[in-house]
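Below is one structure; the comments refer to it alone.
Number of protein chains: 2
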Amino acid sequence: MTRYKVGLRTREKILAATRALLSEVGLEGTTLKAICDRAGVLPGSFYNQFPSKDEAVLQVVRGAIRAVDPNPTDGEDESLGELVEAYVKFITGDPVVARIYLQIAVGGGLTDDRMGARVLRHHRRRMERFTSALLRSVPDLDLAEAQRRVEVTLAALNGLAFQWMLEEGGVDVDGHARRLLEHALAGGGPGYPAPA
Amino acid sequence: MTRYKVGLRTREKILAATRALLSEVGLEGTTLKAICDRAGVLPGSFYNQFPSKDEAVLQVVRGAIRAVDPNPTDGEDESLGELVEAYVKFITGDPVVARIYLQIAVGGGLTDDRMGARVLRHHRRRMERFTSALLRSVPDLDLAEAQRRVEVTLAALNGLAFQWMLEEGGVDVDGHARRLLEHALAGGGPGYPAPA
DNA sequence: CGGAAACTTGATTGTACACTTCAATTTGAG
DNA sequence: CTCAAATTGAAGTGTACAATCAAGTTTCCG
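Taken in order, these protein sequences are the chains called A and B. Under the numbering used here, think of the first position of the first sequence as 4, with each following residue one higher. Under the numbering used here, think of the first position of the second sequence as 4, with each following residue one higher.
Structure below.
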């Protein structure tokens, strides 16, 4: 069962092709044939490396999520700025996760629903991390208020992602993000009056 | 060529079923069979009423969009408040358009791409209407600044829509929207410092 | 080397379902 | 009563997809 080098390279080629396809054409266009064509590999080889198509997709998404999360384990000292920056990168940089995210939320999908769970979990965790980062920066903030601020900030970021996908480059995600950050920290947060 | 009552009722049943399916399972799950089963109609009847499946879908979406746009023709005196309110209704009320919107942006799709164009057009027009409504309320506002405010406000609203679909009811769209509105009008807009 | 295990090939299977059509039949309306 | 509209429901057509497999080739360890 120990793999040969050739096999490992095949594996890589498949994952690369899958990644490219996911970001270019989304879940729907990422068929087995497309992957194989792109990777220069035949179906038989594919199934020698992966037990199923979903498995390859899952692996790519897992990887992309991990690549976007800074310090996935200990989030004790991450700043809101870092988090926002990472999120912007996630939107504008690697389109894989962003697209899958939305696609899943919107109802298209993988056969397997592990993905849905994964996305939701990820979303929730992001929420928590943003909130505690905000509280670390502004300790005298009501928890509920912090949560609301984070909620809108994230919503705005997600919305920017949406617009970004609608027409790539059609919106200044980075600029908006910076200002959203300022306001989450300083005054009332995005769309909020400063607490009385 | 004059239709019988029965035919008109069949037509309605089909449209109702299509609408329900679109909001429940999205474009992907809205197959001909699903529509027919739901409507209690056989395929032959369907094709007696509609020339194609896409036509029925198109009609539902068109209707939903129209239902959500206040004063679709003359937008001379609509307030930002009205627009925001309508948008919230669009998110939380009838899920058809919201879902289709995202789904198209994200790459799923109809065979026909009239839909993509329609959605993009709609999005752009919303942008314009929000901007001019904002300028009407705050006339001494830089155009670029107004556009930026609208951009973030809409992004935030879209993001809220996204969260809403991720877990229906999991976010207070209405509350957030109200505050977003306040700030677009009053101070710096969502995430923006007041202009210097 | 030698040979077992890993890998590749690519035609093929099987499935699923999707959209559409049609001839026969029933229904509705003037 | 008559004719078009409407319905029936089976059948057609097509596609696209994931997955398999037997046969041949390559890798690499001992």
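Even glycine gets a Cβ: it sits at the ideal position worked out from N, Cα and C.
- Contact residues of the segment 25-58 of chain A toward chain B are 28, 29, 31 (C-beta to C-beta distance below 7 Å).
- Following the DSSP letters along the chain, one finds residue 187 of chain B inside the alpha helix (DSSP H) bounded by residues 176-188.
- Against chain A, the CB of residue 154 of chain B has a partner CB under 8 Å away; the residue lies at that interface.
- The beta-carbon of residue 159 of chain B is placed less than 8 Å from the nearest beta-carbon of chain A.
- Ranked by how close their Cα comes to the Cα of residue 57 of chain A, the residues A:96, A:70, A:189, A:17 have A:17 in first place.
- Using a Cβ-Cβ cut-off of 8 Å, residue 165 of chain A counts as an interface residue toward chain B, since at least one Cβ of chain B sits closer than that to its own.
- Per DSSP, the continuous alpha helix (DSSP H) segment holding residue 35 of chain A begins and ends at 35-42.
- The criterion of a C-beta distance shorter than 8 Å is satisfied by residue 184 of chain A and residue 87 of chain A.
- Residue-level contact check: residue 105 of chain A touches chain B, since one or more beta carbons of chain B fall below 8 Å from its beta carbon.
- Under the 8 Å criterion on CB atoms, residue 179 of chain B is classed as interfacial with respect to chain A.
- For residue 162 of chain B, the closest Cβ of chain A is nearer than 8 Å.
- Residue environment for residue 157 of chain B: buried (at least 16 other C-beta atoms within 10 angstroms of its C-beta).
- Each residue's CA atom was taken as its position, placing residue 26 of chain A and residue 100 of chain A some 8 Å apart.
- Excluding five sequence positions before and after residue 46 of chain A, the CB atoms of its chain that fall closer than 6 Å to its own CB belong to 39, given in chain order.
- If you compare the alpha carbons of B:102, B:29, B:139 with that of residue 81 of chain B, the shortest gap goes to B:139.
- 102, 105, 106: these are the residues of the segment 81-107 of chain A whose beta carbon lies less than 8 Å from some beta carbon of chain B, given in chain order.
- Under the Cβ criterion of 8 Å, residue 174 of chain B is counted among the residues facing chain A.
- Membership of residue 9 of chain A in the alpha helix (DSSP H) is indicated by the continuous run 8-32.
- At the C-beta level, residue 49 of chain B and residue 161 of chain A stay beyond 8 Å of one another.
- With a 10 Å radius around the Cβ and a threshold of 16 neighbouring Cβ atoms, residue 90 of chain B comes out buried.
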